[in-house]
Amino acid sequence: MVDRRAVAALLLASLSTISVSSQVVAAENDMSGTAGGVTVYLGVVPAEIVKGLHAIGTSERPMHGRIPEGPHQYHLVAAVFDVASGTRISDAVVTAEVSGLGLSGSKMMLEPMQIAGTTTYGGFVDLPGRDLYTVKLTVERGRASPALLQFKYDHRR
Numbered sequence: 155m156v157d158r159r160a161v162a163a164l165l166l167a168s169l170s171t172i173s174v175s176s177q178v179v180a181a182e183n184d185m186s187g188t189a190g191g192v193t194v195y196l197g198v199v200p201a202e203i204v205k206g207l208h209a210i211g212t213s214e215r216p217m218h219g220r221i222p223e224g225p226h227q228y229h230l231v232a233a234v235f236d237v238a239s240g241t242r243i244s245d246a247v248v249t250a251e252v253s254g255l256g257l258s259g260s261k262m263m264l265e266p267m268q269i270a271g272t273t274t275y276g277g278f279v280d281l282p283g284r285d286l287y288t289v290k291l292t293v294e295r296g297r298a299s300p301a302l303l304q305f306k307y308d309h310r311r
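Have a look at this one:
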């Protein structure tokens with residue numbers, strides 16, 4: 155039997171250790187983008203896997219304040235880097251809007267998360283059907299203009 159905690163830790167840690175030199179790998183699946191001076195690597199993980207990190211009855215705060223319910227819950231994870239320096243950005247405000255083909259989506263703030271000593275941003279989202287989803291991310295940093303990025307996530311398989 156697969157240990158869900160180990161799988162979740164591995165998936166989340168892999169996003170936390172991405173470096174700018176891995177752009178080629180991420181570009182193959184359209185889950186990376188660069189705009190407004192930032193590069194973002196986006197991951198979508200079933201919430202079932204992430205739930206394994208927070209066993210019921212522990213004193214640990216559930217990720218993003220809640221443990222999602224339902225069969226269509228997923229966890230968005232964004233690793234954000236400064237293009238000029240290649241360093242990870244840990245002081246941004248990251249928002250996401252996820253929508254199905256031809257539909258409008260709701261906005262949500264992705265919370266900063268510490269994984270393996272690095273900052274990523276994440277939040278839970280409901281993906282109710284097999285669809286081609288659009289994920290629009292806004293990355294705000296201090297006084298700089300917001301960086302706007304758009305990704306396609308194929309959830310039809």
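Add 154 to a position in the sequence shown, counting from 1, and you land on the number used in our numbering.
C-beta: ideal position from N, C-alpha, C; glycine also.
Only a predicted model underlies this, so the values are computations on that prediction, with no experimental measurement involved.
Starting from the C-beta of residue i, find all residues in its chain whose C-beta is less than 6 Å away, skip the five residues before and the five after it, and write them out in chain order.
i	result
residue 226	280, 281 and 282
residue 191	237
residue 255	285 and 286
Who are the near neighbours of residue i in its chain, counting only those whose CB is closer than 7 Å to its CB and skipping five residues on each side?
i	result
residue 265	218, 275, 276 and 277
residue 209	Low local confidence applies: a pLDDT of 45 at residue 209 is under 50, so the model's placement there is unreliable, with the coordinate-based value given in what follows. Cβ neighbours of residue 209 beyond the five flanking positions: none.
residue 271	none
Would you mind giving the Cβ-Cβ distance between residue i and residue j, rounded to the nearest angstrom? I have them listed as a contact below 8 Å.
i	j	result
residue 187	residue 194	6 Å
residue 288	residue 300	About 17 Å; that fails the 8 Å criterion.
residue 303	residue 189	5 Å
residue 259	residue 252	5 Å
residue 290	residue 250	7 Å
What are the residues that DSSP puts in a beta bridge with residue i?
i	result
residue 262	250
residue 269	272
residue 199	229
residue 189	192
residue 236	192
residue 301	293
residue 242	235
residue 308	286
residue 256	Residue 256 is not bridged to any residue.
residue 184	Its beta-bridge partners do not exist; DSSP assigns none.
Considering only residues of the same chain and omitting the five flanking positions on each side of residue i, which have a CB-CB separation below 8 Å?
i	result
residue 243	192, 234, 235, 236, 273, 293 and 295
residue 182	Caution is warranted here: a pLDDT of 38 is assigned to residue 182, below 50, making its placement in the model unreliable, and the coordinate value is therefore given only provisionally. If we look at residue 182 and ignore the five residues flanking it on each side, it has no Cβ neighbours.
residue 241	235
residue 228	198, 199, 200, 201, 278, 279, 280 and 281
Could you tell me whether the Cβ atoms of residue i and residue j are closer together than 8 Å?
i	j	result
residue 285	residue 311	no
Quick one: using the 10 Å Cβ neighbour count with 16 as the cut-off for buried, is residue i buried or exposed?
i	result
residue 196	buried
residue 246	buried
residue 298	exposed
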